[in-house]
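For the sequence shown, counting from 1, position 69 maps to 170 in my numbering; every step adds exactly one.
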Amino acid sequence: MARNVLADHRRSALGRQARHRDLDAEMADLYGGLADHSVERNAIAQAFATIPEADRELLALVAWEGLDRREIATMLGLSRNAVRIRLHRARRRLSRALEAADVRFTPTDAVVPTGRSL
């Protein structure tokens, strides 16, 4: 029983790591052609890395996977309201991390492949 729990935990961790690598690659693809913005891109990646892993996962599910709150709630076994609250907090933490890194965005700067905003 304990072995299965540990194996499940390890598989989850490996899956998260793979998603984060994919997310990093997608960020590089999105912003790779913007040589003038390499400093901002690095600051964004560093700010994103400073927020808790659960926040990164939620933001990635919305921005890169294009999932809505209902889909995320089903996937994570949470209520839609819990997802709404956690997503709000994750966005706020990312915003603060970006401010600390002195990265400023206007609404037209945000590039999200699914057409949804962070």
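Beta carbons: idealized from backbone N, C-alpha and C, even for Gly. These numbers were taken from a predicted model, which means no experiment stands behind them.
#### Entry: Exposure label - L195; buried when at least 16 CB within 10 Å
L195 comes out buried.
Which ranges would you report for the alpha helix (DSSP H) in the region 155 to 184 if only whole runs of at least 4 residues count?
-> Listed in chain order, the complete alpha helix (DSSP H) runs (minimum 4 residues) inside the region 155 to 184 are 170 to 177.
Given a threshold of 16 other Cβ atoms within 10 Å of its Cβ, counted over all protein chains shown, does A161 qualify as buried or as exposed?
Burial call: buried.
| field | Candidates D169, V163, H121 and V106: closest to G146 by CA position | value | Looking at the sequence shown, residue 146 is not Gly but Ala. Restricting attention to D169, V163, H121 and V106, the CA atom closest to the CA of A146 is found in H121.
Only counting the same chain, and skipping five residues up and downstream in sequence, which positions put a Cβ closer than 8 angstroms to that of A119?
Excluding positions up to five away in sequence, the list is empty.
field: Sequence-distant residues of the same chain with beta carbon closer than 6 angstroms to V184, five excluded per side
entry: So the qualifying residues of the chain are R170, I173 and A174.
Check your understanding: If you run the structure through DSSP and keep just helix, strand and coil, what is R205?
Key -> Here R205 carries a coil assignment [DSSP, helix/strand/coil].
Checking 8 angstroms against the spacing of the C-beta atoms, do V163 and L188 come in under that value?
Yes, the Cβ-Cβ distance between V163 and L188 is below 8 angstroms.
Under 8 angstroms between C-beta atoms of A144 and A202
In this structure, A202 lies closer than 8 angstroms to A144 by Cβ.
Proximity below 8 angstroms, CB of G191 to CB of I152: The sequence given here places Ala at residue 191; Gly does not occur at that position. Against a cut-off of 8 angstroms, the Cβ pair of I152 and A191 comes out as a contact.
* To do: Give me the Cα-Cα distance between A150 and M102, rounded to the nearest whole angstrom.
  => In this structure, the alpha-carbon of A150 lies about 33 angstroms from that of M102.
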